[in-house]
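>
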Amino acid sequence: MKTEIKGKVWKFRDSIDTDVIIPGRYLRTFSLDELASHVMEGENPEFAKNVQKGDVIVAGWNFGCGSSREQAPVALKHAGVDAIVAKSFARIFYRNAINVGLPVIVADIEAEEGEELNINLAEGTIQNISTGKSYTIQPFHDFMLGILKNGGLVKHHLKKKNI
37 MKTEIKGKVW
47 KFRDSIDTDV
57 IIPGRYLRTF
67 SLDELASHVM
77 EGENPEFAKN
87 VQKGDVIVAG
97 WNFGCGSSRE
107 QAPVALKHAG
117 VDAIVAKSFA
127 RIFYRNAINV
137 GLPVIVADIE
147 AEEGEELNIN
157 LAEGTIQNIS
167 TGKSYTIQPF
177 HDFMLGILKN
187 GGLVKHHLKK
197 KNI
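Every number in this note's numbering is 36 more than the matching position in the sequence shown, counting from 1.
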């Protein structure tokens, strides 16, 4: 995980719940590829086929509401999503995303599907490259950047312990 993310926008509505992100019928698999192949299919059937490494989700209020399933941020990250920018997040989704190394950013920005964003987590900036608009966000603290750089909380802890 890098502190600077540059990617194409996928736009989603308010209140995207974890069952929309990864429907419960797919939770029986332990295959990350299988999970990722179904991510967001109820909201956008083309998403899993077309999302690319580095892409960014921009959403409205309450992203990740619903159940506490950790598979939701895992599936998004494995599919290629490098960050999610939303007006607000369900608290447990926010924590689960950070725990698996997926940056989640609380911000109200203007971005349309297909536009390109440049996000700098350390400096606290988002630039919509397509429109030229810039936004200031709360910079991520070094501790949080360390968790993200190491690929999530468990990997961060193991690295700190030299395991």
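A virtual CB, placed ideally from N, CA and C, is assigned to each residue, including glycine.
According to DSSP, what are the bridge partners of D178?
In the DSSP output, where bridge partners are listed per residue, D178 has none listed.
> Out of curiosity, what's the CA-to-CA distance linking A175 and R127?
Checking the sequence, you will find Pro at residue 175 rather than Ala. Distance between the alpha carbons of P175 and R127: 19 Å.
> In whole angstroms, give me the CA-to-CA distance for D178 and A158.
If I take the Cα positions, the gap works out to 8 Å.
> Where does G188 land, buried or exposed, given buried means 16+ other C-beta within 10 angstroms?
Buried is the call here.
> Over the uninterrupted alpha helix (DSSP H) stretch that includes L153, give me the two end residues.
L153 -> not in any alpha helix (DSSP H); beta strand (DSSP E) instead, spanning E152 to N156.
> DSSP three-state label for A126, please.
In this structure, A126 counts as coil in the three-state DSSP scheme.
> What span of residues does the alpha helix (DSSP H) with V190 cover, start to end?
Per DSSP, V190 belongs to the alpha helix (DSSP H) from L189 to K196.
> Just to confirm the assignment, what range does the alpha helix (DSSP H) spanning A143 have?
First-last for A143: undefined, no H or E at that position.
> Apart from the five residues just before and just after I120, which ones in its own chain have a Cβ nearer than 6 Å to its Cβ?
Cβ neighbours of I120 beyond the five flanking positions: I93 and V140.
> Which residues in the same chain as R105 place their Cβ atom closer than 6 Å to its Cβ, once the five residues preceding and following it in sequence are excluded?
Taken in chain order, the residues that qualify are T54.
> Among residues of its own chain, excluding the 5 on either side of D50, which ones have a beta-carbon nearer than 7 Å to its beta-carbon?
So the qualifying residues of the chain are G96, W97 and N98.
> Using three-state DSSP, classify E159 as helix, strand or coil.
Reduced to three states, the DSSP call for E159 is coil.
> Whole angstroms are fine: how far does the CA of A84 sit from the CA of Q163?
If you take the alpha carbons of Q163 and A84, they lie about 25 Å apart.
> Quick one: residues in its chain with C-beta nearer than 6 Å to the C-beta of L68, no 5 flanking neighbours on either side, listed in chain order?
Excluding positions up to five away in sequence, the list reads H114.
> So, at 7 Å on beta carbons, what are the nonlocal neighbours of T39 in its own chain, with the 5 sequence-adjacent residues on each side left out?
Taken in chain order, the residues that qualify are N156, L157, A158 and L181.
> Just to confirm the assignment, what range does the alpha helix (DSSP H) spanning K113 have?
Q107 to A115 is the span of the alpha helix (DSSP H), which, as asked, contains K113.
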